[in-house]
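With the numbering used here applied, the sequence shown corresponds to residues 84 to 270, in that order.
No residue lacks a Cβ here, since even glycine has one placed at the ideal position from N, Cα and C.
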Amino acid sequence: MDSLSLRNGIGAAALIATALLGGIWYGLPQSAPAMVAGAVVTSQAPAAATITVHVSGQVAAPGLVALPADARLADAIAAAGGATRWASLDAVNLAQPVRDGERLVVPDTRNPASVSAVSPSGSAVIDINSASASELENLDGVGPVLAARIVSYRDSVGGFKTVEDLLDVPGIGEAKLAAIRDDVVVR
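Structural data, given as structure tokens:
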């Protein structure tokens with residue numbers, strides 16, 4: 084029986100040693116992958132999860148809103164507090180996908196003369212002969228000063244005959260006109 088006890092003791096010791104070594108091996112940190120000389124390691128940044136758009140016009144809270152990258156114009160309007168009671172939602176494409184950095188204008192039903200159609204960008208087309216200065220500010224690159232100049236010039240000459248007449252307004256050159264040409268009309 085003595086040899087059986089010795090054999091059991093050695094077996095138990097071997098089992099304990101194996102368990103101990105396995106535990107130590109399991110607890111060791113994983114080694115980093117081998118680097119190849121001259122190799123460049125890059126990590127792919129995840130695609131932008133959100134975009135930012137400027138929503139203006141007839142929405143409850145105009146301004147910048149953050150949206151998922153696959154958002155539509157309807158999502159942008161909702162993120163800006165929703166449409167006001169004066170919003171002309173028929174003049175815009177609510178299903179239009181929006182892009183990062185885009186400016187979106189929800190037109191006013193109380194001033195239908197300033198909205199005649201929808202531009203290729205999905206924003207309302209503005210009649211420069213009837214639009215207010217604040218409506219003109221919705222045009223790309225037109226701030227309060229330039230909008231006031233447009234209204235002042237329009238009033239002094241009795242209205243614009245063509246969109247190209249905007250070139251006579253101080254501060255509007257070929258580049259500015261090209262930027263807003265698709266978003267304006269003369270009636």
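- Message: Run through the DSSP bridge pairs and tell me what SER139 is partnered with.
- Response: VAL188
- Residues near THR245 by beta carbon distance below 7 Å, same chain, minus five either side: VAL269
- By DSSP, does LEU177 sit in helix, in strand, or in coil? In this structure, DSSP gives LEU177 a state outside helix and strand, which the three-state scheme calls coil.
- May I ask which residues mark the beginning and end of the beta strand (DSSP E) holding PRO227? From DSSP, PRO227 is part of no beta strand (DSSP E) but of the alpha helix (DSSP H) over 227-240.
- Among LEU260, ASN221, ALA159 and ASP173, which residue has its Cα nearest to the Cα of ALA149? ALA159
- Query: So is ALA144 buried or exposed if we call it buried at 16+ other beta carbons inside 10 Å?
  - Reply: exposed
- Indicate the three-state DSSP secondary structure (helix, strand or coil) for VAL252 in the structure shown. In this structure, VAL252 counts as coil in the three-state DSSP scheme.
- Counting only beta-carbon atoms, is ALA163 nearer than 9 Å to chain B? No chain B appears in this structure, which consists of one protein chain only.
- Message: With H, G and I counted as helix, E and B as strand and the rest as coil, what does DSSP make of THR101?
- Response: helix
- Query: Looking at VAL138 and VAL189, is the spacing between their C-beta atoms short of 9 Å?
  - Reply: yes
- Straight-line gap, SER126 to ALA152 (C-alpha atoms, nearest Å): Note that SER126 scores 49 on pLDDT, short of 50, meaning its location in the model is unreliable; the coordinates nonetheless yield the value given after this. Each residue's Cα considered, the two are about 21 Å apart.
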